[in-house]
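Count along the sequence shown starting at 1, add 4, and that's the number in our numbering.
The structure appears right after this line, and notes come after that.
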Amino acid sequence: MGIVVKKYGGTSVGSVERIKNVARQIIKAKEKDTEIVVIVSAMSGETDRLITLGHEICRTPDEREMDMLVSTGEQVSSALLSMALIDMGCPTISLNAPQIEILTDKSHTKAKICKINTDRIIKELNREKVVIIAGFQGITEEEDITTLGRGGSDTTAVAIAGALQADVCEIFTDVDGVYTSDPRIVPEARKLDIISYEEMLEMASLGAKVLHSRSVELAKKFGVKIHVLSSFVDAHGTIVTEEGAGMEELLVSGITANAKEAKITVMDIPDKPGMAGRLFSALADANINVDMIVQSETRGKTNDISFTVDKTDLQKTIAVTKESVEKMGAGSVVYDQDIAKVSIVGVGMKSHSGVASLMFKALAEHDINIEMISTSEIKISCIIRISAMKEAVRVLHKSFELDKKG
Ligand code: ADP
Ligand code: ASP
Ligand code: MG
5 MGIVVKKYGG TSVGSVERIK NVARQIIKAK EKDTEIVVIV SAMSGETDRL
55 ITLGHEICRT PDEREMDMLV STGEQVSSAL LSMALIDMGC PTISLNAPQI
105 EILTDKSHTK AKICKINTDR IIKELNREKV VIIAGFQGIT EEEDITTLGR
155 GGSDTTAVAI AGALQADVCE IFTDVDGVYT SDPRIVPEAR KLDIISYEEM
205 LEMASLGAKV LHSRSVELAK KFGVKIHVLS SFVDAHGTIV TEEGAGMEEL
255 LVSGITANAK EAKITVMDIP DKPGMAGRLF SALADANINV DMIVQSETRG
305 KTNDISFTVD KTDLQKTIAV TKESVEKMGA GSVVYDQDIA KVSIVGVGMK
355 SHSGVASLMF KALAEHDINI EMISTSEIKI SCIIRISAMK EAVRVLHKSF
405 ELDKKG
């Protein structure tokens with residue numbers, strides 16, 4: 005057998021007892037798989053606790069120092085799991101990103117992995133050790149610690165699996181697979197046995213936090229097969245792989261929701277070439293990812309532009325936007341945090357018409373107002389009020405009959 009990469013999320017290593025349970029599972033798997041590499045998240049709640057601490061020290065903590073702080077969570081859980089395994093007689097070693105050399109760019113708090121040196125991992129595997137790696141963290145060329153964005157341990161796992169050409173990357177979590185929607189919001193959601201990279205990527209990017217979106221991007225790029233499964237129940241989960249045989253032919257395969265964005269509106273922008281370019285270049289230079297953008301019709305000689313960003317970037321966005329507005333001679337800047345984005349995702353949309361109208365009609369019938377719309381070949385997203393988010397997800401799940409097998 006080849007190498008198997010196993011990733012355990014926060015809930016799965018959330019207590020001493022759970023860590024011991026994971027250790028027992030690894031020992032059992034070791035009987036079948038010769039070489040095992042494990043990636044761990046911080047114990048559940050730990051990353052939140054550390055971020056809160058950072059914000060108690062000051063309102064806008066320095067991002068480099070924030071990465072130094074939050075990356076410690078994964079170091080704790082990897083060492084604890086390693087200790088448990090050694091105590092059970094299983095030769096193990098825990099390693100962090102600097103020890104391995106998981107090289108990233110310099111974008112603190114949302115860094116991207118550029119290169120992984122597999123030498124140390126292979127050396128330890130050759131010594132017949134289980135290698136336990138702290139997820140979520142990386143190191144820059146200048147030897148500064150970075151983190152990969154919330155949920156980023158999935159990305160560490162897939163990147164390591166790709167670099168080692170592992171047979172599979174198993175993502176152990178607190179649900180037993182990928183569902184047609186978040187089972188915590190839609191109890192009737194159905195587990196999918198298999199899903200394409202393309203659909204999973206859209207679902208993850210649009211709010212299905214079961215997988216970090218960058219992990220799916222890397223899996224697609226390097227052809228890593230992902231298996232999402234429960235660390236509590238011993239059963240087959242969901243395979244994420246190339247589109248093809250064995251997949252259900254659904255028009256829409258998933259409904260997602262995301263309440264993590266805020267909307268910014270710049271009023272009275274002069275209606276002349278270069279204005280939008282100026283604003284969005286300034287945001288890009290400040291490392292702010294902009295999601296949806298809508299420009300209003302021109303009123304006289306001006307128009308308004310609304311766009312959405314991650315709430316964590318809101319303060320920075322307002323500051324950068326106000327600076328640009330001054331230079332452009334535009335009007336005021338207003339923001340709204342009470343929005344949510346609901347989306348429908350499915351490759352079936354490529355070849356069917358009428359999907360958007362069905363979505364809009366279903367929302368309208370429940371008095372849910374649509375404030376912004378964006379589409380791609382395989383998804384439609386609507387910005388609505390945050391208070392209507394859960395209802396909208398349930399309504400859409402029912403309208404597209406996702407509770408019934410396709
Ligand atoms: P971990 O800590 O193991 O990384 P996460 O909390 O990041 O786990 O992701 C698992 C959670 O993702 C589930 O508990 C579930 O509520 C949520 N989730 C959202 N959308 C989906 C979906 N479509 N299918 C399965 N789980 C989903
Ligand atoms: N511990 C990090 C977080 O909570 C990374 C992860 O769990 O994947 O976001
Ligand atoms: Mg996660």
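Ideal Cβ placement from N, Cα and C applies to all residues, glycine included.
**Q.** Selected residue, minimal CA-CA separation from P274, among I388, A290, E301 and L254
**A.** The shortest C-alpha separation from P274 is found at E301.
Q) With C-beta atoms as the reference, is V41 less than 8 Å away from I137? A) The beta carbons of V41 and I137 sit closer together than 8 Å.
Q: Starting from A266, follow its DSSP beta bridges and name the residues at the other end.
A: A266 has V313 as its beta-bridge partners, per DSSP.
Q.
For the ligand MG, I want to know if H401 counts as a neighbour, meaning its beta carbon is within less than 7 Å of at least one of the ligand's heavy atoms.
A. For the ligand MG, not one heavy atom lies less than 7 Å from the Cβ of H401.
(Q) Buried or exposed, going by whether 16 or more other CB atoms sit within 10 Å of the CB of S19? (A) Answer is exposed; the Cβ neighbour count stays below 16.
Q | Residues near E69 in its chain [Cβ-Cβ closer than 7 Å; skip 5 each side] | A | Scanning its chain for C-beta atoms nearer than 7 Å, with the 5 sequence neighbours on each side dropped, one finds no residue around E69.
Q) Taking just the CA atoms, how far does V9 sit from E128? A) Spanning the two alpha carbons is a distance of roughly 14 Å.
Q: Assign H216 to one of two classes, buried (16 or more other C-beta atoms within 10 Å of its C-beta) or exposed (fewer than that).
A: Burial call: buried.
Q: List the whole-angstrom C-beta distance separating L254 from G352, where the pair is believed to meet the contact cut-off of C-beta under 8 Å.
A: Right, the Cβ-Cβ distance comes to about 6 Å (below 8 Å), so this counts as a contact.
Q. Counting along the chain, where does the alpha helix (DSSP H) carrying M376 start and finish?
A. That residue, M376, is in no alpha helix (DSSP H); its beta strand (DSSP E) goes M376 to S380.
Q | Close beta carbons around A165, own chain, < 7 Å, minus the five adjacent residues each side | A | V9, C173 and V228.
Q: Quick one: residues in its chain with C-beta nearer than 6 Å to the C-beta of I372, no 5 flanking neighbours on either side, listed in chain order?
A: Around I372: I388, A392 and A396.
(Q) Mapping the DSSP letters down to three states, classify P274 as helix, strand or coil. (A) The DSSP-derived three-state label of P274 is strand.
**Q.** Reference S310; option with closest CA among M376, S347, S285 and G248
**A.** Taking only the C-alpha atoms, the option nearest S310 is M376.
Q: Check whether the Cβ atoms of T312 and D289 lie closer than 8 Å to each other.
A: In this structure, D289 does not lie closer than 8 Å to T312 by Cβ.
Q) Among all the DSSP beta bridges, which residues are the ones paired with S98? A) S98 is bridged by DSSP to I136.
Q: Could you tell me which uninterrupted beta strand (DSSP E) segments, each at least 3 residues in length, are contained entirely in the stretch 16-83, listed from first to last along the chain?
A: Correct list: 39-44.
Q. Over what stretch of residues does the alpha helix (DSSP H) that includes M296 continue unbroken?
A. Careful: M296 lies outside any alpha helix (DSSP H), inside the beta strand (DSSP E) at V294 to Q299.
Q | Between the CA atoms of E105 and T122 - distance to the nearest angstrom | A | Distance between the alpha carbons of T122 and E105 is about 8 Å.
Q.
With H, G and I counted as helix, E and B as strand and the rest as coil, what does DSSP make of R303?
A. Looking at R303 - three-state DSSP - the assignment turns out to be strand.
Q: Output yes if chain B places a C-beta closer than 8 Å to the C-beta of D180; else output no.
A: The chain labelled as chain B is not found in the depicted structure, where only one protein chain is given.
Q | Spatial distance of G350 from L233 (CA atoms) | A | Taking the CA atoms as reference points, G350 sits about 22 Å from L233.
Q. What are the residues that DSSP puts in a beta bridge with C173?
A. The partner list for C173 (beta bridge, DSSP) reads V9 and I230.
Q | Helix, strand or coil at G142 according to DSSP, with G and I counted as helix | A | Strand.
Q: From the DSSP output, in three-state form, read off S3 for me.
A: Nothing in the structure corresponds to residue 3, since the chain is present only between 5 and 410.
(Q) Quick check on DSSP: helix, strand or coil for L222? (A) Helix, per DSSP.
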